[in-house]
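K.L.:
Sharing a structure, written as structure tokens. Questions coming.
Numbering (full-length UniProt numbering), first residue to last: 1 to 221.
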């Protein structure tokens with residue numbers, strides 16, 4: 001589009017005052033055609049920036065809510081509970097180990113006792129019935145010991161499974177800590193991005209204001 005300077009005259013314009021008044025509108029600079037596209041562009045850009053700011057604020061709100069929920073889980077309390085449970089399991093494992101050692105000694109003693117009983121049986125054939133009763137008692141005791149060993153082994157197995165489950169819980173808590181750190185990093189990045197967008201918006205507004213002032217000055221000039 002060809003824009004006339006306010007001080008330029010159309011080549012065909014007459015120097016007569018009447019014709020000059022009639023063609024006054026043609027001599028005015030078509031500033032509306034210049035301002036409207038600029039305003040259109042500015043409005044579209046402002047809508048785009050507002051949409052970006054809204055999306056960033058929504059993301060920031062979601063991240064804050066997730067961070068609050070993760071903090072609400074009381075990770076510190078759960079970690080303390082895990083540590084207490086680990087100490088309890090360690091103490092239980094130590095007690096079980098001592099019981100197993102005692103049972104092993106008892107089992108060795110029972111075997112020695114059986115050997116002694118067999119020796120006594122060969123020496124005192126006349127007291128066979130009494131010896132048999134003693135042997136039955138010893139066998140009953142051995143059966144009890146074997147049963148207790150089975151219970152102890154089962155308890156050890158359960159303890160090992162509990163320790164493994166606690167280890168999984170600790171690993172999950174560590175992953176949650178990593179997630180919290182990552183969310184905090186993303187939140188800081190979003191804050192920085194919001195700051196940059198706001199700075200760009202302010203700069204764009206200042207530039208648009210300066211342009212409008214120039215256009216207004218040009219119209220007045």
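Glycine included, each C-beta is placed from N, C-alpha and C at the ideal position.
Are there three or more Cβ pairs, one per stretch, closer than 8 Å when the segment 137-150 is compared with the segment 166-182?
P.N.:
They do not touch, by the three-pair rule.
K.L.:
Taking C-beta to C-beta, are residue 63 and residue 192 nearer than 8 Å?
P.N.:
In the chain shown, counting from the first residue as 1, residue 63 sits at position 63. In the chain shown, counting from the first residue as 1, residue 192 sits at position 192. Cβ atoms of residue 63 and residue 192: not closer than 8 Å.
K.L.:
Considering Cα atoms alone, identify which of 45, 48, 56 is closest to residue 190.
P.N.:
Position 190 of the chain shown holds residue 190. Nearest of 45, 48, 56 to residue 190, Cα basis: 56.
K.L.:
Decide if the segment 127-142 is in contact with the segment 174-183; the criterion is three or more beta carbon pairs, one per stretch, under 8 Å apart.
P.N.:
The segment 127-142 vs the segment 174-183: no contact.
K.L.:
Is the separation between the beta-carbon of residue 204 and that of residue 45 shorter than 8 Å?
P.N.:
Residue mapping note: residue 204 aligns to position 204 of the chain shown, counting from 1. Residue mapping note: residue 45 aligns to position 45 of the chain shown, counting from 1. A contact, by the Cβ cut-off of 8 Å.
K.L.:
In angstroms with no decimal places, state the Cα-to-Cα distance between residue 162 and residue 200.
P.N.:
To locate residue 162, count along the chain shown from 1; it is residue 162. To locate residue 200, count along the chain shown from 1; it is residue 200. Roughly 57 Å between the two C-alpha positions.
K.L.:
Nearest CA to the CA of residue 94: which residue from 152, 175, 68?
P.N.:
On the chain shown, residue 94 is found 94 positions in, with the first residue counted as 1. The candidate whose alpha carbon is nearest that of residue 94 is 152.
K.L.:
Restricting to runs no shorter than 4 residues, where is the alpha helix (DSSP H) found entirely within the segment 38-108?
P.N.:
Counting whole runs of 4 or more residues, the segment 38-108 contains no alpha helix (DSSP H) stretch at all.
K.L.:
Using the Cα positions of residue 31 and residue 208, report the straight-line distance between them to the nearest angstrom.
P.N.:
Numbered from 1 along the chain shown, position 31 holds the residue referred to as residue 31. Numbered from 1 along the chain shown, position 208 holds the residue referred to as residue 208. Legend: pLDDT at residue 31 = 47, less than 50; position of this residue unreliable, value from coordinates given subsequently. Approximately 16 Å, taken between the alpha carbons.
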